[in-house]
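Numbering (this note's numbering), first residue to last: 34 to 219. Quick reminder that beta carbons are idealized off the backbone N, C-alpha and C, glycines included. First the structure, in the form of structure tokens, and then the observations on it.
Below, the structure is given as structure tokens:
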């Protein structure tokens, strides 16, 4: 919202949240978000802080018999790509279509194919989150060569129209597959 923002600062996973008083957080945010265009960071209360593990997990398959997993029960993505809620909603929408087919017409094709169809989307989103994490975070094990490759990729995605378009397409979210009922968003 205009009043509340969630911001991430990179820290070692072995660090302690006790090492991050609000003053240090604001100092690091001012350093990272400074701009030459006159924009200024507005400070406010820090209402939540923790050290988040950048981890990924995918349960494959996402179904076992009549048990269907969706959202974080089936897959976890790091927050870098902002895909968690999008994936959960896509899973639930696909499962809703499958259950509708089953209860209205006795058709099981979508239920039987639920996991396979969801996993196509999930793996693409995991790849994008991995890419964004690799692009935007310093990795302590990187060699000078690895770091220069990271900088070259960041330069590429900010100067190439095709690369920027691909990033935008993945960031906004992939469409559900063709042949599915259309969604109306208001």
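* Find out if the Cβ-Cβ distance for the pair residue 22, residue 108 is shorter than 8 Å. => The shown model of the chain, from 34 to 219, leaves out residue 22, and the question about it has no answer.
* To do: Mind checking who residue 100 pairs with in its DSSP beta bridge?
  => Under DSSP, the beta-bridge partners assigned to residue 100 are 97.
* Please state whether DSSP places residue 58 in a helix, a strand or coil. => helix
* Asked: Buried or exposed: residue 69, going by 16 or more other Cβ atoms within 10 Å of its Cβ?
  -> exposed
* **Same chain, Cβ closer than 8 Å to residue 119, five either side skipped, listed in chain order** => 158, 206
* Look at the alpha carbon of residue 194 and the alpha carbon of residue 66, and state the distance between them as a whole number of angstroms. => 24 Å
* Give the single residue among 84, 83, 81, 59 whose Cα lies nearest to the Cα of residue 73. => 59
* Asked: Roughly how far, in whole angstroms, is the beta-carbon of residue 123 from the beta-carbon of residue 209, given that I think they are within contact range, below 8 Å?
  -> 6 Å
* Can you name the residues that DSSP bridges to residue 108? -> 91
* Asked: In chain order, what residues of the same chain lie with their CB nearer than 6 Å to the CB of residue 148, ignoring the 5 residues before and after it?
  -> 94, 95, 96
* Spatially closest choice to residue 77 from 115, 84, 47, 37, by CA coordinates -> 37
* Using alpha carbons as the reference points, say which of 75, 100, 163 lies closest to residue 35. => 75
* Asked: Mind checking residue 85: buried by the 16 CB within 10 Å criterion, or exposed?
  -> Looking at its Cβ environment, which holds fewer than 16 other Cβ atoms inside 10 Å, residue 85 is exposed.
* By a C-beta neighbour count over all protein chains shown, 10 Å radius and 16 as the cutoff for buried, is residue 116 buried or exposed? -> The residue is buried, with at least 16 neighbouring Cβ atoms inside 10 Å.
* Asked: Are residue 62 and residue 40 closer than 8 Å when you measure CB to CB?
  -> yes
* From 83, 46, 71, residue whose alpha carbon lies closest to that of residue 55 -> From the listed residues 83, 46, 71, the smallest Cα separation to residue 55 is found for 83.
* Starting from the N-terminal side, write out each stretch of the alpha helix (DSSP H) that is 4 residues or longer and does not extend beyond the stretch 168-192. => 177-192
* Under a Cβ-count criterion, where at least 16 other Cβ atoms within 10 Å of its own Cβ denotes burial, should residue 125 be classed as buried or exposed? -> exposed
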